[in-house]
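Q: Taken in sequence, the protein lines are chains A and B. The C-terminal position of the first sequence is numbered 295 in the working numbering, with every residue numbered one higher than the one before it. The C-terminal position of the second sequence is numbered 189 in the working numbering, with every residue numbered one higher than the one before it. Virtual Cβ for every residue (Gly too), placed ideally from N, Cα, C. If you're wondering where the values come from, they're calculated on a predicted model, not measured in any experiment.
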Amino acid sequence: MRRHSDHTSKAFLLAVIALLLLSFAPARLSRWTRSLQDPAVVLVAPVAHSASVLAHFLRPAQRGPAPPKELRDTLRERDRLARRYLVALQRIEDLERRVESLQRGVSVQPDIDITPIVASVIGSSSDPRDGVLMVRAGTSQGVQARVSVAVATGEHLVGRVVDARARHSYVLPITRAPHEEWMQGAVITRDKPLGWLCQIRAARDGTLAGDLEADAVGVDIGQTVRLRDPSWPQAAQMLILGTIERIYPKENAPLRRTVVVRPAIDIERVSEVVLRTPAVTTQANADADESDAQ
Amino acid sequence: MNWAFFIIVAWFSLGLELGLRDALGLGSSGIAPSFAIALLVFVAMHAPRHIALWTGLALGLALDLTRAGVSAGETGVSTIAVIGPGALGCLLAAQLIVTVRAMMMRRSPLAAAAMGFSAAAIANLVIAGVLTARSWYDPAIEVSATAEMTSRLASAVYTGVLTPIVVLALAPLTPFFGFAPGAVRAS
Numbered sequence: 002m003r004r005h006s007d008h009t010s011k012a013f014l015l016a017v018i019a020l021l022l023l024s025f026a027p028a029r030l031s032r033w034t035r036s037l038q039d040p041a042v043v044l045v046a047p048v049a050h051s052a053s054v055l056a057h058f059l060r061p062a063q064r065g066p067a068p069p070k071e072l073r074d075t076l077r078e079r080d081r082l083a084r085r086y087l088v089a090l091q092r093i094e095d096l097e098r099r100v101e102s103l104q105r106g107v108s109v110q111p112d113i114d115i116t117p118i119v120a121s122v123i124g125s126s127s128d129p130r131d132g133v134l135m136v137r138a139g140t141s142q143g144v145q146a147r148v149s150v151a152v153a154t155g156e157h158l159v160g161r162v163v164d165a166r167a168r169h170s171y172v173l174p175i176t177r178a179p180h181e182e183w184m185q186g187a188v189i190t191r192d193k194p195l196g197w198l199c200q201i202r203a204a205r206d207g208t209l210a211g212d213l214e215a216d217a218v219g220v221d222i223g224q225t226v227r228l229r230d231p232s233w234p235q236a237a238q239m240l241i242l243g244t245i246e247r248i249y250p251k252e253n254a255p256l257r258r259t260v261v262v263r264p265a266i267d268i269e270r271v272s273e274v275v276l277r278t279p280a281v282t283t284q285a286n287a288d289a290d291e292s293d294a295q
Numbered sequence: 003m004n005w006a007f008f009i010i011v012a013w014f015s016l017g018l019e020l021g022l023r024d025a026l027g028l029g030s031s032g033i034a035p036s037f038a039i040a041l042l043v044f045v046a047m048h049a050p051r052h053i054a055l056w057t058g059l060a061l062g063l064a065l066d067l068t069r070a071g072v073s074a075g076e077t078g079v080s081t082i083a084v085i086g087p088g089a090l091g092c093l094l095a096a097q098l099i100v101t102v103r104a105m106m107m108r109r110s111p112l113a114a115a116a117m118g119f120s121a122a123a124i125a126n127l128v129i130a131g132v133l134t135a136r137s138w139y140d141p142a143i144e145v146s147a148t149a150e151m152t153s154r155l156a157s158a159v160y161t162g163v164l165t166p167i168v169v170l171a172l173a174p175l176t177p178f179f180g181f182a183p184g185a186v187r188a189s
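1) Restricting to Cα atoms, I'd like to know which of L134(A), R168(A), V152(A), R32(A) is closest to S125(A).
2) The beta strand (DSSP E) spanning V119(A) covers which residue range?
3) Whole angstroms is fine: what's the gap from M151(B)'s alpha carbon to L127(B)'s?
4) Thinking C-alpha only, which one of A6(B), R23(B), A142(B), I39(B) is nearest V271(A)?
5) Got a sec? Which residues, its chain only, sit under 6 Å from T9(A) by beta carbon, not counting five neighbours each side?
6) Hey, how far is the Cα of A138(A) from the Cα of G243(A)?
7) Quick check on the DSSP output: the beta strand (DSSP E) that includes W197(A) runs from which residue to which?
8) So with CB distances below 7 Å, who are the chain A contacts of A96(B)?
9) If we cut at 9 Å on Cβ distances, does I82(B) have a partner in chain A?
10) In chain order, what residues of the stretch 263-283 of chain A put their CB closer than 7 Å to some CB of chain B?
11) Within 10 Å of its beta-carbon, does V109(A) have 16 or more other beta-carbons around it, so buried, or fewer, so exposed?
12) Taking the CB atoms as reference points, tell me whether A104(B) and V169(B) lie closer together than 9 Å.
13) Tell me whether the beta-carbon of P174(A) lies closer than 9 Å to the beta-carbon of T278(A).
14) Using the beta-carbon of each residue, which ones in chain B are nearer than 8 Å to D206(A)?
15) If we define contact as Cβ-Cβ less than 9 Å, is V159(B) a contact residue for chain A?
16) Going by the beta-carbon positions, is the gap between G32(B) and L65(B) smaller than 9 Å?
17) Using a Cβ-Cβ distance cut-off of 9 Å, determine whether A138(A) contacts chain B.
18) Write down the C-beta distance between T165(B) and G91(B) rounded to the nearest angstrom, noting that I regard them as a contact closer than 8 Å.
19) Under 9 Å, do G160(A) and A151(A) count as touching if we go by C-beta distance?
20) Using 9 Å as the limit for Cβ to Cβ distance, is A25(B) near chain A?
21) Considering just the uninterrupted stretch of the beta strand (DSSP E) at H180(A), what are its terminal residues?
22) Considering just the uninterrupted stretch of the beta strand (DSSP E) at G211(A), what are its terminal residues?
23) Please state the DSSP three-state secondary structure of P87(B).
24) Beta-carbon within less than 8 Å of P250(A)'s beta-carbon, same chain only, minus the 5 sequence neighbours each way: which residues are those?
25) Counting only the same chain and skipping the five closest in sequence on each side, list residues whose C-beta sits under 6 Å from that of A149(B).
26) Kindly list the residues whose CB is nearer than 6 Å to the CB of E269(A), restricted to its own chain and excluding five residues on each side of it in sequence; keep chain order.
27) According to the Cβ coordinates, are G86(B) and V132(B) closer than 9 Å?
28) Alpha carbon to alpha carbon, how far is A158(B) from A135(B)? Give it in angstroms, no decimals.
29) Looking only at its own chain, which residues have a Cβ that is under 7 Å from the Cβ of F25(A), when we skip the five neighbours before and after it?
30) Can you say whether E156(A) is buried or exposed, counting buried as having 16 or more other CB atoms within 10 angstroms of its CB?
31) With distance defined between alpha-carbon atoms, name the residue in A34(B), I99(B), L112(B) nearest to G132(A).
32) Taking Cβ-Cβ distances below 7 Å as the criterion, which residues of the stretch 25-37 of chain A are in contact with chain B?
33) Counting only C-beta atoms, is S126(A) closer than 9 Å to chain B at any point?
34) State the CB to CB distance for the pair F8(B) and E19(B), rounded to an integer number of angstroms; the pair is presumed to be in contact (CB under 8 Å).
35) Would you mind stating whether R73(A) and A67(A) have Cβ atoms separated by less than 9 Å?
36) Can you pull out the residues from the stretch 43-57 of chain B whose beta carbon lies closer than 9 Å to at least one beta carbon of chain A?
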């Protein structure tokens, strides 16, 4: 009896020492522990997903009363067409630049087709401060970290895939991005279809806030802000970030203005996302899988 | 203790932890209650000392394994696995409950709330401490100690509110856990 108790105490002590070492081991030395996470998430996913479905039913992502289905479909179609128009305008600009590059003999990036992957939200990280969403689609479906982006209800940008595992991925909502992560948005006005640029970042209160271009005119509350950031994947360009909620002069530079952008939906409470993934990447993955199988 | 039954309840509570976090959370503040810590409070109030400590370690490890820490490294934003802080935090939380439980009325909702808050505060304090210490030498982790502590203490208060509800819900299941009679007094 006493021997059993000694063994238990020793095992307990060893476990505590191992956890202490792991707690303080730098990320590059403890990378192997990521492989332990996948089975844990797969095991918990059924309950988490059921709870998540219930939670989204009780507290939906849509702000305010949901419009009737016909109107909702029409609004989605409007958003889709508006984005296609803006992407086309941006493409004209890109093509003009490409022609210039080709004239100078510089190689250019080929066009990328987008593959939409529908994925349900399983839940979030066990630490509420992380703010990531766990979605049920992974590398086996072609999802790629830092390349795939998540959208919801048509054209609203939810965030970027920051980690892709075999069967699930982690999406970091734009409203929970680290403070040092800036995004470039474009405020779409009647006079400037490609929009006035603004540099915004997560304000950690569900909004995005930042500086508006100095010579911007005609910018007002309620106007749509879209992503126009070369550092983001092509699949995310011109997706809707939200609408302007407030505009006010900067404290230390009264001639500059700060805009506060609120997403049209509560993007941290979406029940389903569409992961926009470049088809080129998906094909490359399929090729890689085939060669692995051979 | 009946470990098989505990594992089923722990699996369920961890699922609720991940699935209901967004719905119960207060906006984007990162303040949300913990079902796993509420379960830990229930077990540690009834089980012998060594069982309570193992339970803390196991639940904390499960929390660590389902955590996806965000890191803004040189290669862009990604997730990192940090195994250990949650387990150590829950272990200390279990130890705290085992130490004070003799002075508490186990059936009182106020006692459950106080224990829930204390356990969550201790666990979060350890997690915040470890992450802050790591941020000094590990570039993958960046934390603001003040912001961490503020939201984590608020989460602890929220967990304190949730704990009596969880304890009340688990009370009819006490016989299935198979806690040894008189275990609390003996330890």
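A: Concretely, from the data shown:
1) The residue from L134(A), R168(A), V152(A), R32(A) with its alpha-carbon nearest to that of S125(A) is L134(A).
2) 115-125
3) Their Cα atoms are separated by approximately 7 Å.
4) Closest option to V271(A), Cα to Cα, is R23(B).
5) Non-local C-beta neighbours of T9(A) in its own chain, meaning closer than 6 Å and more than five positions away in sequence, are absent.
6) 25 Å
7) For W197(A), the enclosing beta strand (DSSP E) stretches over residues 197-203.
8) What A96(B) touches in chain A: nothing, since even the nearest Cβ is about 12 Å away.
9) yes
10) E269, R270
11) Note that V109(A) scores 48 on pLDDT, short of 50, meaning its location in the model is unreliable; the coordinates nonetheless yield the value given after this. Classification for V109(A): exposed.
12) no
13) no
14) G29, S30, S31
15) no
16) no
17) no
18) Contact flag wrong, Cβ pair sits at about 16 Å.
19) Yes. Within cutoff.
20) yes
21) Segment: none, H180(A) is in no beta strand (DSSP E) and carries neither H nor E.
22) 209-213
23) helix
24) In chain order, L256, R257, R258, T259 place their CB closer than 8 Å to the CB of P250(A), counting only its own chain and leaving out the 5 sequence neighbours on each side.
25) Cβ-Cβ distances below 6 Å link A149(B) to nothing in the same chain once the five nearest sequence neighbours on each side are left out.
26) P174
27) Yes, these two residues count as a Cβ contact at 9 Å.
28) Straight-line spacing of the CA atoms in A135(B) and A158(B) works out to 21 Å.
29) none
30) buried
31) Of A34(B), I99(B), L112(B), the residue nearest in Cα terms is A34(B).
32) Along the stretch 25-37 of chain A, going in chain order, the ones with a CB nearer than 7 Å to a CB of chain B are F25, P27, A28, S31, T34, R35, L37.
33) Among the CB atoms of chain B, one or more fall inside 9 Å of the CB of S126(A).
34) No, F8(B) and E19(B) are not in contact; Cβ-Cβ is about 16 Å, not under 8 Å.
35) Contact flag set, yes.
36) H52, L55, W56
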